[in-house]
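Line order of the protein sequences matches chains R and B. If you're matching positions, the first sequence starts at 9 in our numbering and goes up one per residue. If you're matching positions, the second sequence starts at 6 in our numbering and goes up one per residue. In this text, a Cβ means the ideal position worked out from N, Cα and C, and glycines have one as well. Beneath this line is the structure, given in structure tokens, with notes to follow.
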Amino acid sequence: RTKQNRISHYFKKT
Amino acid sequence: MFEARLINSVTFKKVLDAIKDLLNEASFDCSEAGIQLQAMDNSHVSLVSLALRSDGFDKYRCDRNLTMGMNLASMSKIFRCSSNDDTVTIKAQDDADTVTFMFESKKQEKISDYEMKLMNLDQEHLGIPDTDFSCVIRMPAGEFARIVRDLSQFGESIVISCTKEGVKFSTSGDIGSANVKLAQTSSFEKEEEAVIIEMQEPVTLTFACQYLNSFTKATPLANQVQLSMSDNVPLVVEYQIPDLGHLRYYLAPKIEE
Chain R
9 RTKQNRISHY FKKT
Chain B
6 MFEARLINSV TFKKVLDAIK DLLNEASFDC SEAGIQLQAM DNSHVSLVSL
56 ALRSDGFDKY RCDRNLTMGM NLASMSKIFR CSSNDDTVTI KAQDDADTVT
106 FMFESKKQEK ISDYEMKLMN LDQEHLGIPD TDFSCVIRMP AGEFARIVRD
156 LSQFGESIVI SCTKEGVKFS TSGDIGSANV KLAQTSSFEK EEEAVIIEMQ
206 EPVTLTFACQ YLNSFTKATP LANQVQLSMS DNVPLVVEYQ IPDLGHLRYY
256 LAPKIEE
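So, in structure tokens, the structure goes:
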């Protein structure tokens, strides 16, 4: 099974 | 005062077509350097990043930095009222709550303008770190669109696997599985037909078809697409807009639970 991460998991808010 | 003039409205139409699948509205950040847009799709899985350089416009003036929040469906309606070869001028006053799009036909016999209300959007800017990617693949944009479309019929995800031999796109679902392998081209007649792979380390990552399909809406903008991958970081799908800028999509990979 795979899960979908969110993009904000990788890129932090500035 | 902000004013940006582009010789052919069709370029902007293509940009809108390329982002309106993923975004309902977006903020266009205008500065002396040009127009930039960064926005996540509604489900926050992908990120769209558009940059249009001021020197790519026929005329460009931006006295003060300004952010214009626009509804992309409304913007598309307006651009549908223009012919592909109309000259488009985008105008806004400083601190304005509207933006004006003016279309001029090539022979100047028809001039139309459309004023659109701007929106106040909550902006969430994400910092995109510089990454040395393990694999960078350049291939014909049409071929990438074709592969994503074909494989999407069979599964919800596509596994992209890049080695020095080539790149493999795979999927599997209820009816079976599918694989498409592309070898690096050793000789090609036209540069836009080339498949070029720069690999430091082999990479295999899984991505949702739905988003890849949305990205390929940018295909009319460029002959080639560039895919950049490293383990455990988002895929970058990049289209260069000739003489004007680029459109990049970032997509978080699917990971094993």
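- Going by DSSP, tyrosine 216 of chain B is part of the alpha helix (DSSP H) stretching over 214 to 220.
- Measuring C-alpha to C-alpha distances from isoleucine 152 of chain B to each of B:Asp135, B:Cys214, B:Tyr254 identifies B:Cys214 as the nearest.
- According to the DSSP assignment, isoleucine 83 of chain B belongs to the alpha helix (DSSP H) that extends over 77 to 85.
- Using a Cβ-Cβ cut-off of 9 angstroms, glutamate 261 of chain B counts as an interface residue toward chain R, since at least one Cβ of chain R sits closer than that to its own.
- In the structure shown, the three-state DSSP call for serine 166 of chain B is strand.
- For the 9 angstroms CB-CB criterion, alanine 188 of chain B and aspartate 155 of chain B do not form a contact.
- Under the Cβ criterion of 9 angstroms, serine 51 of chain B is counted among the residues facing chain R.
- Using a CB distance cut-off of 9 angstroms, proline 247 of chain B does not count as an interface residue toward chain R.
- Here alanine 78 of chain B is exposed. Its C-beta has fewer than 16 other C-beta atoms within 10 Å.
- The alpha-carbon of asparagine 89 of chain B is positioned some 24 angstroms away from that of glutamate 197 of chain B.
- Under the three-pair Cβ rule at 8 angstroms, the region 6 to 21 of chain B counts as touching the region 57 to 67 of chain B.
- In the DSSP secondary-structure assignment, aspartate 100 of chain B is not bridged to any residue.
- For glutamate 243 of chain B, the three-state secondary structure derived from DSSP is strand.
- For the pair of segments examined, the region 65 to 77 of chain B was found to touch the region 118 to 126 of chain B: the number of CB pairs separated by less than 8 angstroms reaches three.
- The beta carbon of phenylalanine 84 of chain B is closer than 7 angstroms to those of Ser14, Phe17, Lys18, Leu21 in its chain, skipping five residues each way along the sequence.
- Residues of the same chain with a CB within less than 6 angstroms of the CB of threonine 105 of chain B, apart from the 5 flanking positions on each side, are Lys96, Asp118, Glu120 in chain order.
- The Cβ atoms of leucine 226 of chain B and methionine 234 of chain B do not sit closer than 9 angstroms to each other.
- Under the three-state reduction of DSSP, lysine 25 of chain B is assigned to coil, being neither helix nor strand.
- Taking 9 angstroms as the threshold, the shortest C-beta distance from histidine 251 of chain B to chain R does not fall below it.
- In terms of beta-carbon proximity, isoleucine 95 of chain B stays away from the interface with chain R, with every pair separated by 9 angstroms or more.
- In terms of beta-carbon proximity, glutamate 243 of chain B stays away from the interface with chain R, with every pair separated by 9 angstroms or more.
- Taking 8 angstroms as the upper bound on Cβ-Cβ separation, chain R lies near residues Ala213 of the region 212 to 224 of chain B.
- Neighbours of serine 175 of chain B across chain R, judged by C-beta separation under 9 angstroms, do not exist; the nearest C-beta is about 14 angstroms away.
- Proximity to methionine 144 of chain B across B:Asp26, B:Asp34, B:Tyr244 peaks at B:Tyr244, based on C-alpha coordinates.
- With fewer than 16 other Cβ atoms inside 10 Å of its own Cβ, cysteine 86 of chain B counts as exposed.
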